[in-house]
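Notes follow once the structure below has been shown.
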Amino acid sequence: MSFAWAKQYEPKHPLARWFDERLPLPRLVHGAIGGGYPVPRNLNYFWNFGVLAGIFLTIQIVTGIVLAMWYYSSVDGAFNSVEHIMRDVNAGWLLRYAHANGASFFFIVTYIHIFRSLFYGSYKAPRELVWMLGLVIYLLMMATAFMGYVLPWGQMSYWGAQVITGFFSAIPVVGEPLRIFLLGGYVPDQASLTRFFSLHYLLPFVIAGVVILHIWALHIPGSSNPTGVDVRDEKDTLPFHPFYTAKDGWFAGLVILIYCLFLFFMPNALGHPDNYIPANPLATPVHIVPEWYFLPFYAILKAFTVDFILPAKLWGVLAMFGSILLLFFLTWLDRSPVRSGHYRPIFKRFFWLLVADVLLLGWAGGRVASPVVVAVSQLATAYYFAHFLIILPLISRFEKPLPLPNSITESVLHGEKAESAPLGSKGRRDGSQAAPATAG
Amino acid sequence: MVRIIGFFVGLAFVGMVFISFFVNIADYVANPPEETAEHEFHKHPKEVHFASDGPFGHFDNQQLQRGFQVYKEVCAACHGLTLVSFRDLAALGYEEPEIKAIADQWAIQVPSVNADTGEAATRKAIPADRFPSPYPNEVAARAANNNALPPDLSLIAKAREGGAAYTYSLLTGYQRQPAELVHKFPAAKTPQGLYYNPYFPNLNLAMPPPLTAEGQVTYADGTRASVDQMAKDVSAFLVWTAEPKLQNRRTAGFAVVIFLLIGTILGYLAYRQIWAEAKRKVRVTGPLEAESQAKAQAAKDDQGVAG
Chain A
1 MSFAWAKQYE PKHPLARWFD ERLPLPRLVH GAIGGGYPVP RNLNYFWNFG VLAGIFLTIQ
61 IVTGIVLAMW YYSSVDGAFN SVEHIMRDVN AGWLLRYAHA NGASFFFIVT YIHIFRSLFY
121 GSYKAPRELV WMLGLVIYLL MMATAFMGYV LPWGQMSYWG AQVITGFFSA IPVVGEPLRI
181 FLLGGYVPDQ ASLTRFFSLH YLLPFVIAGV VILHIWALHI PGSSNPTGVD VRDEKDTLPF
241 HPFYTAKDGW FAGLVILIYC LFLFFMPNAL GHPDNYIPAN PLATPVHIVP EWYFLPFYAI
301 LKAFTVDFIL PAKLWGVLAM FGSILLLFFL TWLDRSPVRS GHYRPIFKRF FWLLVADVLL
361 LGWAGGRVAS PVVVAVSQLA TAYYFAHFLI ILPLISRFEK PLPLPNSITE SVLHGEKAES
421 APLGSKGRRD GSQAAPATAG
Chain B
441 MVRIIGFFVG LAFVGMVFIS FFVNIADYVA NPPEETAEHE FHKHPKEVHF ASDGPFGHFD
501 NQQLQRGFQV YKEVCAACHG LTLVSFRDLA ALGYEEPEIK AIADQWAIQV PSVNADTGEA
561 ATRKAIPADR FPSPYPNEVA ARAANNNALP PDLSLIAKAR EGGAAYTYSL LTGYQRQPAE
621 LVHKFPAAKT PQGLYYNPYF PNLNLAMPPP LTAEGQVTYA DGTRASVDQM AKDVSAFLVW
681 TAEPKLQNRR TAGFAVVIFL LIGTILGYLA YRQIWAEAKR KVRVTGPLEA ESQAKAQAAK
741 DDQGVAG
């Protein structure tokens, strides 16, 4: 796999050679994230978010395993066991807040990673499978996060479970029996909580498995890059280690720093106060909302308010699932051969409109459904579907892209005057014009 | 094919959402939503400052002890604190014998089993016990409170929008219902047995004003027990019951953030150094490379020949 000039693994120590001949694990690591994986030299910081997602998956698995040693999945005991962790378990508050905020940060970095792919056309050939496996990971993340939010068995846990499993009852004929089958009863209860806990523990490992496939599929064509131009020769690439390990390393430090500011100084900022009230099947909260990372989908669900041919609820559920499923077909919806949005003037404008649209959907999803909020979510939903299914195919037909650079190296030089200027005129670092005087 | 199917699916969703949009607008114009008393008269919590606010905040143990006294003498009659143990009071600066005495003299006893007969009984609390609930169950609580259920207060500062500012505002916010409200929304008149409080989401609260007179509690430390002071103290105490590890968290947070900051700066410097090398390497095709210079020389020579 990878490029012809990729450096082979050369064990230096006899023990390493002995090991490599019997189990070429060091060779695998070297080729995947070491000096043996050539990466385009011009990646910007948006390319750091894949590694960050991996880091947060690891944080979630580690903190989750320890939390599970204390958590008690019973409808009578779950809420109190979480408070026991918070109050009496050594550093339990740290584990729980790390896990709760870790989920939010996992979604933040994943959303940036997804929008990076949308802008730079990372879903286009030859990376279609990388994109689709990524979407599978995203769907698994959503299921895992939803079930995790149910576990503390607070008010929002309970009523969120009630609402989300209620989606299935919108399906004609089989919907209601399916909902009862999934919940293990007519309403969320002990059977639901136990199975959610079991699946919440299982799915992260499934995610980790799909992540391996995702990275494997990525390493066949290699990483994409901001120009979208294919790698031509060795000058276009740098070995992953030490160049990108260093870049990912310090940037991961920065993001974890921001994560720690939330964890230690405002751990409940991304949560909902109602989840500190124990679940009560007899008292519906005034305003049921999912976690922030589901709000855009919640807005799409609520945008369909009229029964027309199909019941409004079914339209909403179809649209909500459709909004993610359509992303699987993106490669065929956007036929433009140019990958990077930098060279696509019309696409670029609509891309930023989409970003604003999704943020607007998120805002609308979190508000009480007043007529104005519903109207906003309806317009935003219309744009979401129009963007992917109508506008994107049309752009790729009519847009005239800007000329692409001949190679990655050329584009790097193009952007760095100081690097490419002749030695005598190479100004000082601050770009002042004082250099010739000293040269004389 | 995908694009044609996609186009029609897109049209279906966009068309459907526009139908919803216009029906929604028509409905809004035909029946504009009525104003509600909650919408117009509900107030956001008052501005109030606590010692534990902000990243550098610390609990004021004197205040927490006063707040505990208010809880013990006023709130505990109806509200439980079932997630907090007597032993936890050590964090407020109480000595072990004091905690033993507090547990021993607590007005409500802890459920237990008679060792001889096996019948249900009660016993005096010990420091390891959690604060006992004032009612044996929810039915008893509702029966004693005009069918309202007094919530457990352990987590109240985290379970309400606005936190401690909300509890403080609620405790000090009881007032007569404004005549304007009754005039505008006759249906929203406070019913018998409820109390008007603009800080409560639906304006009418089943809890009678708990803090009514100055000196209702005689503070052990001699602080003047005004209603405002008592409300503030008990709110501060409830911040502690909701988040007893608040201070440990922030102390640990500063250490972690400083550690990460240093690590990140070192990482950034290492990154700069490693990449300085890479950026020099880019000049492989630069004009100063032997290859390029030879080409430039050749071009000059050509010009010389031509001239």
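These protein sequence lines map, in sequence, to chains A and B.
Heads up: the first sequence at position 59 corresponds to 59 in our numbering, and the numbers run straight through without jumps.
Heads up: the second sequence at position 235 corresponds to 675 in our numbering, and the numbers run straight through without jumps.
Every residue gets a Cβ at the ideal spot worked out from N, C-alpha and C, and that includes glycine.
Quantities reported herein were computed from a predicted structural model and do not represent experimental measurements.
Exposed or buried, K598 (chain B), counting other C-beta atoms within 10 Å across all chains shown (16 or more means buried)? buried
Three-state class that DSSP yields for Q743 (chain B) in the structure shown: helix
According to DSSP, what are the bridge partners of R563 (chain B)? B:V550
So is G507 (chain B) buried or exposed if we call it buried at 16+ other beta carbons inside 10 Å? buried
Taking the alpha helix (DSSP H) that P393 (chain A) falls in, what are its first and last residues? L392 to F398
Where F308 (chain A) meets chain B, residues with beta-carbon distance less than 7 angstroms: M456 and I459
Checking the sheet assignment: what are the DSSP bridge partners for P40 (chain A)? A:T237
Let me check one thing: in DSSP terms, what residues is N644 (chain B) bridge-paired to? B:Y636
Per DSSP, what kind of secondary structure is S675 (chain B) in: helix, strand or coil? helix
What does R689 (chain B) touch in chain A if you count any residue whose Cβ is under 7 angstroms from its own? W93 and F264
Keeping to the same chain, check which residues put their C-beta closer than 8 angstroms to that of A208 (chain A); ignore five residues upstream and five downstream. L57 and I61
Fully enclosed by the segment 303 to 376 of chain A, which alpha helix (DSSP H) runs are 4 residues long or longer? 312 to 325, 330 to 333 and 345 to 366
The alpha helix (DSSP H) with F508 (chain B) in it runs from where to where? N501 to E513
State yes or no: is the beta carbon of N268 (chain A) nearer than 8 angstroms to at least one beta carbon in chain B? yes
State buried or exposed for R600 (chain B), treating a residue as buried only when at least 16 other CB atoms are found within 10 Å of its CB. buried
What in chain A is Cβ-close to L701 (chain B), meaning under 8 angstroms? L257
Less than 8 angstroms between the beta carbons of R527 (chain B) and W93 (chain A), yes or no? no
In the DSSP assignment, what residue or residues form a beta bridge with P650 (chain B)? Note: P650 (chain B) sits in no beta bridge, so no partner.
So that I know if they touch, is there some Cβ in chain A lying closer than 8 angstroms to that of T476 (chain B)? no
Measure the C-alpha to C-alpha separation of F308 (chain A) and F205 (chain A) and round it to an integer number of angstroms. 42 angstroms
Rounded to the nearest angstrom, what separates L301 (chain A) and A364 (chain A) at their Cα positions? 11 angstroms
Which chain B residues sit within Cβ distance under 9 angstroms of R344 (chain A)? Near R344 (chain A) there are no residues of chain B at all, since even the closest Cβ is about 18 angstroms away, more than 9 angstroms.
Under 8 angstroms, Cβ to Cβ, is there at least one residue of chain A near V442 (chain B)? yes
Just checking: is the beta-carbon of V579 (chain B) within a distance shorter than 8 angstroms of some beta-carbon in chain A? no
For Q190 (chain A), decide whether its Cβ has a neighbour in chain B, counting only Cβ atoms nearer than 8 angstroms. no
Where the alpha helix (DSSP H) through L451 (chain B) begins and ends: V442 to A470
Closest Cβ-Cβ distance between I112 (chain A) and chain B: below 8 angstroms? no
Quick check on T607 (chain B) - is its C-beta less than 8 angstroms from some C-beta in chain A? no
Local conformation of S525 (chain B) per DSSP, three classes: strand
Where do the ends of the alpha helix (DSSP H) carrying D20 (chain A) lie? P14 to R22
Which whole-angstrom value describes the C-beta separation of M141 (chain A) and F197 (chain A), a residue pair presumed to lie in contact below a C-beta threshold of 8 angstroms? Not really, about 17 angstroms apart at Cβ, beyond 8 angstroms.
Where does R600 (chain B) sit, in a helix, a strand or coil, going by DSSP? coil
For R664 (chain B), three-class secondary structure by DSSP: coil
For the candidate residues B:V454, B:S675, B:E480 and B:R664, whose alpha-carbon lies nearest to that of S594 (chain B)? B:S675
What do you reckon, are the CB atoms on P641 (chain B) and L611 (chain B) nearer than 8 angstroms? no
For a test of the three-state rule: what should DSSP assign to G222 (chain A), helix, strand or coil? coil
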